Amino acid sequence: MKLVIAIVQDADADSLLEELIRYKFRATKLASSGGFLRRGNTTILIGVEDDEVEQVKHLIRANCERRQIRRLAFEEKEDLQELLTTGTVVLVLNVEEFEKF
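What the sequence shown shows, in my numbering, is residues 1038 to 1138, in sequence order.
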């Protein structure tokens, strides 16, 4: 069993969750925020069997996109810089034990 952790932009979270549910994957949604951009994002936890990891990664790729954003280049200045954000970050971890109460 694996735990897929997807850190996605808030704008992509609902559509991704709808697709996961449509394909019968259970997920837990957590509010989170990034350190570099200092913006809110969503962390989605998905427990899957080993052979389902690629399907979940495909759903994530299909529902999360890169975006141009503007942020201050330096906190003290008014200069804005354009950045291309990644659509999501995915971590896949081994699960040693899973229990449901």
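The beta carbon of each residue, even a glycine, is placed where N, CA and C say it ideally should be. Quantities reported herein were computed from a predicted structural model and do not represent experimental measurements.
Distance between beta carbons of residue j and residue i, contact taken as under 8 angstroms
i, j, result
"Ala1050", "Ile1081", "7 angstroms"
"Val1090", "Val1045", "Not a contact, Cβ separation roughly 17 angstroms."
"Phe1138", "Met1038", "Going by Cβ atoms, the distance from Phe1138 to Met1038 rounds to 17 angstroms, so no, they are not a contact pair."
"Cys1101", "Leu1053", "6 angstroms"
"Ala1064", "Ile1083", "5 angstroms"
"Val1127", "Ala1048", "Incorrect: roughly 17 angstroms between the Cβ atoms, too far for contact."
"Ser1070", "Arg1076", "7 angstroms"
Residue i in three-state terms, based on DSSP
i, result
"Val1127", "strand"
"Lys1137", "coil"
"Lys1066", "strand"
"Val1132", "coil"
"Lys1039", "strand"
Start and end residues, alpha helix (DSSP H) containing residue i
i, result
"Lys1094", "Val1090 to Asn1100"
"Arg1103", "Run containing Arg1103: none; DSSP gives neither H nor E here."
Residue i: first and last residue of the uninterrupted beta strand (DSSP E) it sits in
i, result
"Gly1084", "Gly1077 to Val1085"
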